[in-house]
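So the structure is just underneath, and the comments pick up after that.
Protein chains: 2
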Amino acid sequence: MRMTSESVAPVLGLRERKKLAARQALGAAALRLALERGLDQLRVEDIASEVGVSPRTFNNYFSSKEEAVCSFIVAQQERVREALRARPAHEPLWEAVINAAVDQASRDGSPRREDVRHMRDMLRNAGLFAEMLRAHATVERVLAEAVTERAGGTANPLHARMLAGIVQSASRIAFHTWLTSGPDVEFLPTFVDLLREASAGMPALTAAAASATAP
Amino acid sequence: MRMTSESVAPVLGLRERKKLAARQALGAAALRLALERGLDQLRVEDIASEVGVSPRTFNNYFSSKEEAVCSFIVAQQERVREALRARPAHEPLWEAVINAAVDQASRDGSPRREDVRHMRDMLRNAGLFAEMLRAHATVERVLAEAVTERAGGTANPLHARMLAGIVQSASRIAFHTWLTSGPDVEFLPTFVDLLREASAGMPALTAAAASATAP
DNA sequence: CAGATTATTGCGTGCCCCGCACTTTTGCTA
DNA sequence: TAGCAAAAGTGCGGGGCACGCAATAATCTG
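Protein chains in written order, with the working numbering: chain A, 1 to 215; chain B, 216 to 430.
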C-alpha cells in the first residue's frame, strides 16, 4: 500500500485522476455559471451538461449545487497546509501563520475585480452563504491540524484550533470588506492588518475604547 | 407613529406579537422535533401541524427547516447587544466583551447534557451545520455593531468586526469541544479560556511553538 | 483476456420551496 | 359599533432537487 516517495499523491491511478478531474470540472463549471447568471438561474442540469455528464452523476460528486460552487474554497486546504509547512522553522508561530497565509493568498492572486458585483449578488443567497461558511470551517480544521503539527505535541490543540479560527475570521472579514468596498480597498493588506491586530490581542481597538470611556 | 417611551419595542401591537409568538413556536417545535428524531426524519408538515398552522404558513416564517432549527441562535443577538451595553463603562473593552459573553452564557444556562448525542447527530447533517454557521455569523454582525458603539466613533469598524469574529470563533469552538468531549469538560470555562487567550494574542501557544522549534 | 471493481446513468419517488389567488383575521376610523 | 383596508393564513400547483435502486459501461487486476 505504501508507495514510492514521501509525496501524498504517488501518481494517482487513472481512475482516481479521472474522478478528481470530473470533480474539479464540475466545481469550476458551477462557479463560472453561477457567477454569470446567478445561482437561482442555474439548474443542476446545466452544470452537468456543461461538463458532459448526467445530472445524476453530478449528485455523485456533490450533494448540492451550493457545495459545488464552494468547492474551490475547500480545495485550498492542502495548499494552506503546505504553505505553513514551507515556512522556516525559526519563525515564531504567529509570524509563520501570517506569512503562510500571505504566501498562499499571493499565490492564488486576488479575485477578479469584474466579478465583484456577481459575487455580491451570489452571496445574497442564504443557502450559498451558509455553504461558504461551511467550506471555510473545513479549511479551518485543516489549518488547526497544521498548527498543532508545527507547534509540537505539547501545544494545546484547543488553542491551535482557536488560532485557526482567528485566521479564518480574518480571511472571511477581509474578503467581505473587499467585496463591499470600492476598488481602492485591497484584500491582502486588510487581511494582514487583521491578522497582526489579532496576534497582538487587538490593542488598538481596546486602547481606543479605554480612552473613549475615560477622557 | 412615534410611541411613548425610549424602549425599542413600545408594546408591540397584537398582530406583531402573534407573529413573533408563531415564529418562536415554530422554531422551538423544529428544534425539539429535530433533536428527538433527527432532521431527515422530520417533515415540514410535522413542524407545522405541531404548532397548528399549515405547511405553507411555515414557509412564510422560515425559508427552510434548517433555518427554523437554528433560529434560537439568531434570537440571542438582542441579548448579546444588551449584555454588552449592561457592562460598566469603566471596564476595558476586552473585559467588557468577555464579561458580557459570560453573563449571557450563564443566563442561558448550558445546554442539557442528555441532548448531546442528539445534537451531534443533528450536526452531521451538512445543511444544518452550514445554517448554524450562518446563524452565528448573524449574531457576529450584531456584536460587531455593539462593539463599535461601545468603542466610540473613532474605533476602526473593521477591527470591531474582527473582535466580534474572534468572540464568535471562541463560542463556536468551545461549543464544539463541549459537544465532542466527555461530561467532565464544561462549556463556559473553555469559552472563557479561549477568549482570554485571544485577548492576549495567544501567547501561550506561540511561546510553546517557539520553545519547540528552539530547544 | 477474463473476472472483479467501480463509475455512470435512467428511472422513480418523496419532499421542498415558492408564486398566486382566495379566505380569514386584525386594527383603525368614522 | 360598524365597516373597511391591510395583513396574515391557506390551498393549489409547478419546478426543481436529492437520492435509492438496478442496469450498464468503463477500468483495473491477475
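Every residue, glycine too, gets a C-beta built ideally from N, C-alpha and C.
As the structure is a computational prediction, the values presented were derived from the model and not from experiment.
- When C-beta atoms of the region 91-107 of chain A are compared with those of the region 57-65 of chain A, fewer than three pairs fall below 8 Å, so the two segments do not count as touching.
- The C-alpha of residue 302 of chain B is placed about 44 Å away from the C-alpha of residue 82 of chain A.
- Only those residues of the region 67-97 of chain A whose C-beta falls short of 7 Å from the nearest C-beta of chain B are listed: 89, 90, 92, 93 and 94.
- Annotation: the continuous alpha helix (DSSP H) that includes residue 413 of chain B extends over 402-414.
- Per DSSP, the continuous alpha helix (DSSP H) segment holding residue 383 of chain B begins and ends at 372-395.
- At a cut-off of 7 Å between C-beta atoms, residue 374 of chain B counts as an interface residue with respect to chain A.
- Distance from the CA of residue 310 of chain B to the CA of residue 28 of chain A, rounded to the nearest whole angstrom, comes to 45 Å.
- Between residue 160 of chain A and residue 231 of chain B, the alpha-carbon positions lie close to 45 Å from each other.
- Close to residue 197 of chain A, with beta-carbon spacing below 7 Å, are these residues of chain B in chain order: 374 and 377.
- Taking a C-beta distance under 7 Å as the contact criterion, residue 170 of chain A and residue 191 of chain A qualify as a contact pair.
- Among the residues facing chain A, residue 384 of chain B is included, as its CB has a counterpart in that chain under 7 Å away.
- Neighbours of residue 129 of chain A in chain B, taken as residues at a C-beta separation under 7 Å, are given in chain order as 349.
- With fewer than 16 other CB atoms across the displayed protein chains lying within 10 angstroms of its CB, residue 325 of chain B is exposed.
- According to the DSSP assignment, residue 347 of chain B belongs to the alpha helix (DSSP H) that extends over 341-366.
- The residue among A/35, A/53, A/184 and A/65 with its C-alpha nearest the C-alpha of residue 130 of chain A is A/65.
- Nearest C-alpha to residue 419 of chain B among A/182, A/155 and A/205: A/155.
- Measuring C-alpha to C-alpha distances from residue 112 of chain A to each of A/183, A/25 and A/199 identifies A/183 as the nearest.
- Residue state for residue 71 of chain A is assigned as helix, using DSSP reduced to three classes.
- No residue range can be given for residue 91 of chain A, since it is assigned to no alpha helix (DSSP H) and is classified by DSSP as neither H nor E.
- Taking a beta-carbon distance threshold of 7 Å, residue 200 of chain A counts as an interface residue toward chain B.
- Taking the CA atoms as reference points, residue 141 of chain A sits about 41 Å from residue 268 of chain B.
- In this structure, the straight-line span from the alpha carbon of residue 67 of chain A to that of residue 306 of chain B is close to 43 Å.
- Put simply, the CB of residue 338 of chain B is far from chain A, with every gap to its CB atoms at 7 Å or more.
- For residue 300 of chain B, the uninterrupted alpha helix (DSSP H) run begins and ends at 292-301, by DSSP.
- In this structure, residue 358 of chain B keeps its C-beta atom at 7 Å or more from the C-beta atom of residue 389 of chain B.
- Taking the beta carbon of residue 63 of chain A as reference, the chain B residues within 8 Å of it are 341, listed in sequence order.
- By the criterion of a C-beta distance shorter than 8 Å, residue 168 of chain A is surrounded in its chain by 136, 137, 139, 140 and 143, once the five residues flanking it on both sides are discounted.
- Taken atom to atom, the span from the alpha-carbon of residue 42 of chain A to that of residue 290 of chain B is near 32 Å.
- Non-local C-beta neighbours of residue 410 of chain B in its own chain, meaning closer than 6 Å and more than five positions away in sequence, comprise 313 and 385, ordered along the chain.
- Just so you know, the alpha carbons of residue 404 of chain B and residue 80 of chain A end up roughly 30 Å apart.
- Nearest CB-CB separation between residue 388 of chain B and chain A: below the 7 Å threshold.
- Within chain B, the C-beta atoms nearer than 9 Å to that of residue 177 of chain A come from 373 and 376, in chain order.
- When CB distances to chain B are screened at a threshold of 8 Å, not a single residue of the region 99-116 of chain A falls below it.
- For residue 72 of chain A, the closest C-alpha among the options A/207, A/151, A/157 and A/134 is that of A/134.
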